[in-house]
Amino acid sequence: MPLISDLLEDLDKALWYCSLDMASGFWVVPMTDRAREVSAFITPFGLFDAFWPKECPADLSTPRRQRVISPSGNAETTTDEFQTGIADDPDRDSVLGRRSYIDDIMIAGESWDQMCQRVKDLLEACDKWNISISVAKSFWGMVKLGYLGHRVSIGGLETNPKDLKSLTNQSTVPRITSIYAVVPGRFIEDYAIYASVLYELREVEFAELEKRSDLREIMDRNDPIPRDHGPSGLKLKERVDERWIRAHRAFTTLKTKIATTPILHHFDETRTPVVIVYASDWAISASLTQEHDGIYHPVAFASRTLKTNELNYNVTEKEVLALLRILDLYYNLLVGREIRVLTGHSTLAWLFKSTGLQGRLGQWSALLAPWTLEITTCMKGEDKTLGSIAASITPRAKMDDDVAEIAPWKEPKRRIQAPIPTRGGGAFSAIVWNLPGWEVVKARSGYLESLTVNEAEYNGLILGLDMLEDLDRRRLVVCGGPT
Numbered sequence: 001m002p003l004i005s006d007l008l009e010d011l012d013k014a015l016w017y018c019s020l021d022m023a024s025g026f027w028v029v030p031m032t033d034r035a036r037e038v039s040a041f042i043t044p045f046g047l048f049d050a051f052w053p054k055e056c057p058a059d060l061s062t063p064r065r066q067r068v069i070s071p072s073g074n075a076e077t078t079t080d081e082f083q084t085g086i087a088d089d090p091d092r093d094s095v096l097g098r099r100s101y102i103d104d105i106m107i108a109g110e111s112w113d114q115m116c117q118r119v120k121d122l123l124e125a126c127d128k129w130n131i132s133i134s135v136a137k138s139f140w141g142m143v144k145l146g147y148l149g150h151r152v153s154i155g156g157l158e159t160n161p162k163d164l165k166s167l168t169n170q171s172t173v174p175r176i177t178s179i180y181a182v183v184p185g186r187f188i189e190d191y192a193i194y195a196s197v198l199y200e201l202r203e204v205e206f207a208e209l210e211k212r213s214d215l216r217e218i219m220d221r222n223d224p225i226p227r228d229h230g231p232s233g234l235k236l237k238e239r240v241d242e243r244w245i246r247a248h249r250a251f252t253t254l255k256t257k258i259a260t261t262p263i264l265h266h267f268d269e270t271r272t273p274v275v276i277v278y279a280s281d282w283a284i285s286a287s288l289t290q291e292h293d294g295i296y297h298p299v300a301f302a303s304r305t306l307k308t309n310e311l312n313y314n315v316t317e318k319e320v321l322a323l324l325r326i327l328d329l330y331y332n333l334l335v336g337r338e339i340r341v342l343t344g345h346s347t348l349a350w351l352f353k354s355t356g357l358q359g360r361l362g363q364w365s366a367l368l369a370p371w372t373l374e375i376t377t378c379m380k381g382e383d384k385t386l387g388s389i390a391a392s393i394t395p396r397a398k399m400d401d402d403v404a405e406i407a408p409w410k411e412p413k414r415r416i417q418a419p420i421p422t423r424g425g426g427a428f429s430a431i432v433w434n435l436p437g438w439e440v441v442k443a444r445s446g447y448l449e450s451l452t453v454n455e456a457e458y459n460g461l462i463l464g465l466d467m468l469e470d471l472d473r474r475r476l477v478v479c480g481g482p483t
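Residues in the sequence shown are numbered from 1 upward in steps of one, following UniProt numbering.
Okay, structure coming up:
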């Protein structure tokens, strides 16, 4: 099954669109005999599967699985929708020139005549395969089309969320899954930077929010900190966790970003892609842009939170992670092209010119080796280096101040220096007991020079095993110290 993001590519030259919905799309494809045996309908009354016997059985009741009887009672009257199910010309090119998502078909054409010809070819193929199109759910000859939760046009991609109003009108902090379900992170710049603090909230904390009417009322007034709210005022009954204050600030910012999601331009193969990377203390992000009429417009955004071990990385290493992230997500668009990368640190350019790198730097260098990258350091800001950037792209120089008040409570792993083991004279001993009476069978001890604590205990284990030569060792329990 294709990815939705892949189906929205190669639309930069399309002027006209059609959206066709197959009638009973899942029913036109026959199942194999094996699939019919294991498939069933889920209903409140149990599981049901289709069954067309020549003679109905006497008893069809089973504890959890029943069968639906064909009204005719004759299996020979059923036919496959696809007739033979074999194409006459399997090597024939696709009539659409692109893939479709299950039963949702989008037809794009660079001209009206091209679109009409593709529609004609598709309808002929549907007639040949006995596939019906639902006219009520289809749209014909559109310059802007709603498709798979997006609005597609020659101008670019827009979000078309169903529950946008309910989310933007919500004052309390929701679960992060409900935000991502409305608008994907591709359309929200620095999504992970603002959502990181929401990821840290647990179910028990959301349950606490449901009980705290005073905290919800303060959030309803879009004020994360109680101030002067009139003559009566609002007073917190209990102490407010700092995470709720930061989470509410982040959610307020995300609501604004969701309500004003930009139009993402279609990727143009003839233009040079420009990647702007950014790294905060807890997340990374990158923006894929291209120049149109002297202005750099966004094509896609990518971001993610940092793992615990990655929090220790310096800012240059985090920017490498941001670059690897966007190259991985949009590999199909960027592979084989020269890419201009804008960074705020000159060290990143040095990294790609160095040889003989070890550790994670060597791994990253190997991953980036197939790419043709032009590293540009923009110490004065992207707008000073590129010229004009779209209003939907936040200059990286302003990001540090904007995100200071929503930083999540993340701490890097602490490095604890283990004490160097000291050596000296060490005594060790071993005792063999006979259970369950704890009767002492044998006991020995020894002394050696230049031992650590662990080495002394290991020698005690060896000494105890030597005492088991003439004993029954089928049931043996070995006990030692905590080291």
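Virtual Cβ for every residue (Gly too), placed ideally from N, Cα, C.
List the endpoints of the continuous beta strand (DSSP E) containing residue i.
i, result
"SER450", "439–451"
"ARG474", "Note, ARG474: premise wrong, no beta strand (DSSP E); not H, not E."
"ALA136", "133–142"
"ALA35", "Element bounds for ALA35: not the beta strand (DSSP E) but the alpha helix (DSSP H), 33–38."
"VAL343", "According to the sequence displayed, residue 343 carries Thr and not Val. Counting along the chain, the beta strand (DSSP E) containing THR343 begins and ends at 338–343."
"TRP433", "424–434"
"GLY156", "156–159"
"LEU373", "372–377"
Short of 7 Å in beta carbon distance, which residues of its chain neighbour residue i, apart from the five on each side in sequence? Order them along the chain.
i, result
"THR79", "Low confidence applies here, because THR79 scores a pLDDT of 42, under 50, leaving its location unreliable and the question unanswered by this model."
"residue 486", "Because the chain in this structure spans residues 1 to 483, residue 486 falls outside the shown range and cannot be described."
"LYS150", "It should be pointed out that residue 150 corresponds to His in this sequence rather than to Lys. Correct list, in chain order: LEU8, LEU157, GLU158, THR159, ASN160."
"GLU439", "TRP433"
"PHE45", "none"
"LEU327", "LEU334, TRP371"
"GLY460", "PHE428, SER429, ALA430"
"ARG474", "none"
Going by beta carbon distance, what residues of the same chain come within less than 6 Å of residue i, once the five residues before and after it are set aside?
i, result
"PHE41", "PHE48"
"LEU333", "PHE267"
"GLY185", "TYR191"
"ASN222", "For ASN222, the pLDDT reaches just 46, beneath the cut-off of 50, and the residue's location in the model is therefore unreliable, leaving the point undetermined."
"VAL95", "ASP121, LEU122, ALA125"
"LEU20", "ILE105, ILE133, SER138"
"ASP228", "Residue placement at ASP228 is flagged as unreliable, the pLDDT there being 39, under the threshold of 50; a coordinate-derived value is accordingly withheld."
"LYS13", "GLU110"
Hey, could you find the ends of the alpha helix (DSSP H) residue i is sitting in?
i, result
"residue 495", "The structure shown does not extend to residue 495, since the chain is modelled only from 1 through 483, so no value can be given for it."
"CYS126", "112–128"
"TYR191", "191–199"
"ASP328", "315–329"
"ILE4", "4–7"
"VAL104", "The identity of residue 104 in the sequence shown is Asp, whereas the question assumes Val. No alpha helix (DSSP H) holds ASP104; the beta strand (DSSP E) holding it covers 104–109."
Tell me whether residue i is buried or exposed, calling it buried when 16 or more other Cβ atoms sit within 10 Å of its Cβ.
i, result
"ILE276", "buried"
"GLU374", "exposed"
"SER196", "buried"
"TRP16", "buried"
"VAL68", "Summary for VAL68: the model assigns pLDDT 46, below 50, so the residue's position carries little reliability; its value from the coordinates is reported in the next sentence. VAL68 should be labelled exposed."
"GLN358", "exposed"
"ARG304", "buried"
"residue 571", "The displayed coordinates of the chain run from 1 to 483. Any statement about residue 571 would go beyond what the structure contains."
"THR308", "exposed"
"TRP244", "buried"
"MET115", "buried"
"ASP33", "exposed"
"SER24", "exposed"
"PRO370", "exposed"
"ASP113", "exposed"
"residue 484", "This structure leaves residue 484 out entirely; the chain is present only between 1 and 483."
"ARG118", "buried"
In its own chain, which residues sit with a C-beta less than 8 Å from the C-beta of residue i, not counting the 5 before and 5 after it?
i, result
"ARG423", "SER450, LEU451, THR452"
"HIS345", "VAL315, THR316, GLU319, THR377"
"ARG99", "PRO2, ASP6, LEU7"
"SER111", "LEU15, TRP16"
"LEU367", "LEU324"
"TYR447", "GLY425, GLY426, ALA427, PHE428"
Cβ of residue i less than 8 Å from any chain B Cβ?
i, result
"THR256", "Looking for chain B here will not work: only one protein chain is present."
Contact the region 128–146 vs the region 246–260: 3+ CB pairs below 8 Å: no
Suppose only complete runs of 3+ residues qualify. What are the beta strand (DSSP E) ranges in the region 239–301, listed by chain order? 274–279, 283–292
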